[in-house]
Amino acid sequence: MRPIEMICINCPLGCQLTVSRKADGALEVSGNNCVRGIEYAHTELENPLRRVTTTVNSGSMKVPRVSVKSSESVPVEEIFLIMERIEGFRLNRSCKCGDILIDHISGDIDLIATQDFTFSEGEVKI
Ligand code: SF4
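For the sequence shown, the numbering used here assigns the number 4 to the initial residue and increments by one for each residue that follows.
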C-alpha cells in the first residue's frame with residue numbers, strides 16, 4: 004500500500020498524517036501529535052464514520068427548514084439511506100433543540116433537532 008496522506012480533524016491543530024500498511028498488515032501512522040490521530044487514521048481506513056448534519060422540511064412557509072444532526076456518527080455507507088429517510092420527512096410540529104425528530108433513523112441512532120422551531124398552523128406549506 005502506498006502511503007496515504009490525510010488530515011486529522013479531531014482538533015483544530017489538524018495534524019497532517021501519513022498512513023501506510025506494514026508487511027504484517029498493521030497500519031503505521033506518523034505525523035500525529037497525540038494518540039487520537041492514530042485512532043482517526045484507523046477509523047478512516049477501516050470504518051469511516053461521519054456525523055450527519057443537515058436540515059429537514061419543517062412544513063412551514065415562514066421557516067421552511069429546521070437544522071438537525073444524527074445523535075452519533077454513522078458509517079459513511081449508511082448516509083445515503085439516512086438522507087432518503089430525511090428527504091421524505093416533514094416535521095409539522097414545534098420542537099426544541101435536542102428533541103428526537105426521527106427515532107432510530109439508523110440502528111440505535113436518532114435524528115435530533117439542533118434548533119428550536121415553533122410550528123404555526125397558519126403558515127403551513129402546501
Ligand atoms: S493527532 Fe491529536 S493533536 Fe493532531 S489533530 Fe489529531 S487530535 Fe489534534
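Just so it is clear, CB atoms sit at the ideal spot from N, CA and C, and this is done for glycine as well.
Which value, in whole angstroms, describes the spacing of the CA atoms of residue i and residue j?
| i | j | result |
| --- | --- | --- |
| Glu-8 | Val-38 | 17 Å |
| Ser-23 | Ala-29 | 9 Å |
| Gly-110 | Thr-46 | 19 Å |
| Ser-70 | Gly-91 | 15 Å |
| Ile-41 | Ser-63 | 45 Å |
| Ile-10 | Asn-36 | 12 Å |
| Lys-72 | Ala-26 | 40 Å |
| Glu-126 | Met-4 | 57 Å |
| Glu-31 | Cys-98 | 46 Å |
| Pro-67 | Gln-118 | 13 Å |
| Val-59 | Glu-49 | 30 Å |
| Val-133 | Ile-82 | Because the chain spans 4 through 129 in this model, residue 133 falls outside it and cannot be assessed. |
Who are the near neighbours of residue i in its chain, counting only those whose CB is closer than 7 Å to its CB and skipping five residues on each side?
| i | result |
| --- | --- |
| Asp-106 | Asp-113 |
| Thr-21 | Pro-6, Glu-8, Ser-33, Gly-34 |
Decide if residue i is buried, meaning its Cβ has at least 16 other Cβ atoms within 10 Å, or exposed.
| i | result |
| --- | --- |
| Ile-89 | buried |
| Val-77 | buried |
| Ser-123 | exposed |
| Gly-17 | exposed |
| Phe-120 | buried |
| Ile-108 | buried |
| Leu-160 | Lying outside 4 to 129, the shown extent of the chain, residue 160 is not represented and no answer is given. |
Which residue marks the beginning of the beta strand (DSSP E) containing residue i, and which one marks its end?
| i | result |
| --- | --- |
| Glu-8 | 7-10 |
Taking 8 Å as the limit between beta carbons, can you name the residues of its chain near residue i, skipping five residues before and five after?
| i | result |
| --- | --- |
| Pro-51 | Pro-78, Val-79 |
| Ile-12 | Tyr-43 |
Would you kindly report the start and end of the unbroken alpha helix (DSSP H) that includes residue i?
| i | result |
| --- | --- |
| Thr-46 | 38-49 |
Excluding the five sequence neighbours on either side, which residues of its own chain have a C-beta within less than 6 Å of the C-beta of residue i, listed in chain order?
| i | result |
| --- | --- |
| Lys-65 | Glu-126 |
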